[in-house]
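Here the sequence shown is numbered in full-length UniProt numbering, starting from 1 and rising by one per residue. Ideal placement from N, C-alpha and C gives every residue a C-beta, glycine not left out.
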Amino acid sequence: MTVSERAHELAIAAAQAAADKKAQDIVIIDVGDQLAITDAFLLAAAPNERQVLAIVDAIEEALLDLPEKAKPVRREGERGGRWVLLDYVDIVVHVQHTEEREFYALDRLWKDCPTIPFVDRDLARAEAATGSGE
């Protein structure tokens, strides 16, 4: 894994914020060996523009709440709400409408890069509760 500790922290916090807003297909891709400009891409999708924007807002809030606050150096695509890019230098967040996610298929474009595991904490808690009740 080539991502820095900071990039890993940002990616996991952003992924959890996206999951909290019901983002779909959340994937963190380690692109550090392929790109000099960032360590990781976070990809997430939503079925409508309003949810895309809600996910973006939640990610920004979550990263501002970290002990070492993070603000994006660049934000693009917000007006349309179909594909919003947040550039935090260490990570680049792509929140896409489901149709854009399928059409542009960034996952396939970067398929040779390793992914960073992410498990939604609410899903993990639910599975733990179900497992302990048996």
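Cβ atoms of residue j and residue i: under 8 Å apart, would you say?
i: E60; j: L86; result: yes
i: A7; j: D65; result: no
i: W110; j: I29; result: yes
i: residue 186; j: V119; result: Given that the chain is displayed from residue 1 to residue 134, the structure contains no residue 186 and the question cannot be resolved.
Please state the DSSP three-state secondary structure of residue i.
i: F118; result: coil
i: A11; result: helix
i: A36; result: coil
i: D112; result: coil
i: D65; result: coil
Who pairs with residue i in a beta bridge, going by DSSP?
i: Q24; result: A45
i: D87; result: R74, V92
Only counting the same chain, and skipping five residues up and downstream in sequence, which positions put a Cβ closer than 8 Å to that of residue i?
i: A58; result: A17, A18, D20, K21
i: H97; result: A45, A46, P47, N48, E49, V52, G81, R82, W83
Among the residues of its own chain, which have a CB less than 6 Å from the CB of residue i, if the five just before and after it don't count?
i: D25; result: A45
i: V104; result: A quick correction: the sequence has Tyr, not Val, at residue 104. Closer than 6 Å at the Cβ level, and outside the excluded window around Y104, lies no residue.
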